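With the sequence shown counted from 1, adding 83 to any position gets you the numbering used here.
Data block below; observations after.
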Amino acid sequence: MAPGNLKKVLVLNAGSSSLKFKLFARSEDLNLSLESRGVAERIGDLKSALSFCDASGKQKNISSQLGDHQEALRTIFKELKLSASDLFAVGHRVTHGSDKIYKASRITPEVKKIIADTIPLAPLHNPVNLLGIESAEALLGSEVPQVAVFDTAFHHSIPPEAYLYAVPLKDTAERLSVRKYGYHGSSYAFLLNRAAEYFHKPKEQLNLIICHLGAGASMACIKLGKCVDTTMGMTPLEGLCMSTRSGDIDPGAVLFLVNKLGIRKTDQLLNKQSGLYGLSGFKDMREVLANVEKGDRGSELALSIFVGRVRKYLGAYLVKVNGNLDGVVFSAGIGEHSSPVRERICEGR
């Protein structure tokens, strides 16, 4: 058991078939240092696996059949020799907090209800985020405080002219909460702080365009340290071309597809069968790039459309900061690790 003032902090990020975690130790001056991190993958599959890495970089991999997220979390606790008495708090990444939650919040029945009520706006994310919370509650009870950090909270500073759609204001935008919310906020908040360190400027003086380019991709325009626009909208489907999501598409085309295919098939098509995958047959940008080298037309189109969408928003966001830009920040799997994509975006190829 850790001393009362030195208890650890566990951070969880639940995916549909995965559970990522980081465990932080607290020093006497209450600073946090990473103690361990890892991920449970293919939860619910016969070939589930756990991988751990401690602060020194030493890795441990375990093959274990994990039936659900609760079992995965229980196994993580067992391997880390962790109990509720060791923990000061548990933090959860939650995708959508609607327009009701603008900051990190202690998880209560009311907060859980907001997360559940917002599932229609983030159907791929909020259900599993809630599953992670309930798994921790089942294992830890009420003994350990749990806190939700919402991706949408960072975008609370976006002004009405940027977050509203041109639909009936009272009956649709306000009554039905049809508006832009934005996502990837936790990533943007971290990157803004790191950029302030890099540029040696207070974040309140920074103008940035941040490109979070992964399987899910979005961009944010930061003006004087505040988000003033972002590419994802009411749902994570709007904006850039993504791994399996279409991004921007004419609403009339969506209505056409609904009439032809029905709502469920259209939902599947736009969320899981489009983007890089729909154009090239590959979900991973590394595979797309490899097949571009082979002259594959679909891969060339996928890459061009992906890059073109990013450049289109780069231009729009440059106007929003009146041309006064401190820098462009790239993050996530593609943004951080794919120099060919970054080069094409910056050079216009």
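Backbone N, C-alpha and C fix where the C-beta goes; we use that ideal spot for every residue, glycine too.
None of these values were measured; they are calculated from a predicted model.
The criterion of a C-beta distance shorter than 8 Å is not satisfied by S188 and V227. Closest in alpha carbon position to L296, among G308, Y266 and D254, is Y266. Sequence-distant Cβ neighbours of S382 in its own chain, meaning closer than 6 Å and more than five residues away, are S363, V371, N374 and V375.
Closest option to D312, judged by alpha-carbon separation, among R369, G391 and K403: K403. About 18 Å separates the beta carbon of V412 from that of I241, a gap too long to meet the 8 Å contact definition. In the three-state reduction of the DSSP assignment, R109 falls in the strand class. In this structure V177 is buried. Its beta-carbon is surrounded by 16 or more other beta-carbon atoms within 10 angstroms. For a cut-off of 8 Å, the C-beta gap from Y400 to M317 is around 20 Å, too long to register as a contact. With the rule of 3 Cβ pairs closer than 8 Å, the stretch 352-362 counts as touching the stretch 324-331. The beta-carbon separation of H208 and H238, rounded to 15 Å, does not stay under the 8 Å limit for a contact. Shortest Cα-Cα distance from Y264 to any of D182, K196, F389 and N405 involves D182.
It is roughly 18 Å from the alpha-carbon of P203 to the alpha-carbon of A97. Every alpha helix (DSSP H) of 4 residues or more that sits fully in the stretch 145-197 is shown, in chain order, as 152-163.
Residue pairing from DSSP places L117 in a beta bridge opposite F107. Nearest in C-alpha terms to R125, of all of G140, C136 and E154, is E154. For N290, the three-state secondary structure derived from DSSP is strand.
Of all C-beta pairs linking the stretch 192-200 to the stretch 129-138, fewer than three are shorter than 8 Å, placing the two stretches out of contact. Counting along the chain, the unbroken beta strand (DSSP E) around L93 starts and ends at K91 to A97.
In this model, L222 and R157 are separated by some 7 Å (Cα to Cα).
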